[in-house]
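Residue numbers (our numbering): 188 to 429. Written out below as structure tokens is the structure these notes cover.
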Ligand code: NAP
């Protein structure tokens, strides 16, 4: 019998990442999660994943730190044996109009949302090539496609992920590694908790914000069913970008 599949989801102590981890545990995966500092949330997520029957462990490290990513990837490979699916999900916002944006807020967002994806993918790609299977899912955003006032740093990082996704898909297709991105619209998590949700919903064709589970189901589709899909950006946004 084939080994149980393993997924590593970055930023999975809460929000979208947590929902992805749970959805894949329900699909029979063993699940490694990463997080930045929220021990309580991460431990709770691991308990929930174990209750679903998954082997699960949380790894605390900063995805914006290349060395820490390399070390964590080695630990995950040692603990789980292999990684079949990598969900590059961890991300932050440091919003502000460009005229007032300092380089610190620019770099924090680029390092955490874009450079991190290079670090994590770089740390795991050799093992995927060796096992002749891999699925990489990068969490972009609709603002990486359409831009957003007050989010020049975040939009640049999320647009960068799209170019990265398409290039890598072309490089790695022959190795049976698929690389796709998801572009969520407004999803109800801590990241969006201060927004006026009623007002936003008025502008969304489906008239509601998304739930983390809406993204998680797409992640599961890309991991499990979409075996002929690579290099794509899947919009999960209630119809905001058409
Ligand atoms: P969230 O609720 O704020 O959760 C962020 C997660 O990332 C947490 O697990 C956090 O860990 C982790 N994290 C943050 N900085 C990190 C770092 N430097 N190193 C390691 N882990 C780090 O965010 P979310 O709304 O679920 O968003 C998840 C992804 O979807 C992000 O990439 C975001 O840009 C993208 N996205 C979200 C929306 C939306 O509307 N929510 C829309 C489009 C795209 P701790 O718990 O330890 O802090």
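We put the beta carbon where it would ideally sit given N, CA and C, even for glycine. Nothing here was measured: the structure is a model prediction, and the numbers come from that model.
In this structure, the CA atom of residue 302 is about 7 Å from the CA atom of residue 251.
CA-to-CA, the gap between residue 208 and residue 312 works out to about 20 Å. Nearest to residue 283 by C-alpha distance, out of 233, 362 and 336, is 336. Not one heavy atom of ligand 1 is found less than 7 Å from the C-beta of residue 381. Listed in chain order, the non-local C-beta contacts of residue 310 below 8 Å within the same chain comprise 256, 257, 259, 260 and 261, local neighbours out to five positions each way being set aside. Pairing residue 320 with residue 367 gives a Cβ-Cβ distance that is not under 8 Å. Between residue 396 and residue 387, the C-beta spacing is below 8 Å.
In this structure, the alpha-carbon of residue 298 lies about 32 Å from that of residue 213. Pairwise C-beta distances place the stretch 345-359 out of contact with the stretch 371-388, as fewer than three of them are shorter than 8 Å.
For residue 217, same chain residues with a beta-carbon under 8 Å away, outside a window of 5 residues either side, are 191, 192, 193, 194, 241, 242, 243 and 267 in chain order. In its chain, beyond the 5 residues on either side, 296, 338, 341 and 378 have a beta carbon closer than 8 Å to the beta carbon of residue 280. Excluding five sequence positions before and after residue 427, the CB atoms of its chain that fall closer than 8 Å to its own CB belong to 329, 372, 373, 390, 391 and 392, given in chain order. Residue environment for residue 221: buried (at least 16 other C-beta atoms within 10 angstroms of its C-beta).
For the pair residue 411 and residue 288, the Cα-to-Cα distance works out to about 41 Å. Rounded to the nearest whole angstrom, the C-alpha separation of residue 354 and residue 360 is 10 Å. In the structure shown, the three-state DSSP call for residue 245 is strand.
For residue 275, the uninterrupted beta strand (DSSP E) run begins and ends at 272-275, by DSSP. If you ignore the 5 residues before and after residue 239, its C-beta comes within less than 8 Å of the C-beta of 209, 212 and 213, all in its own chain and listed in chain order. Spanning the alpha carbons of residue 381 and residue 203 requires a straight line of approximately 17 Å.
In this structure, the CA atom of residue 423 is about 12 Å from the CA atom of residue 408.
For residue 219, the enclosing beta strand (DSSP E) stretches over residues 217-222.
No Cβ-Cβ contact shorter than 8 Å links residue 323 with residue 253.
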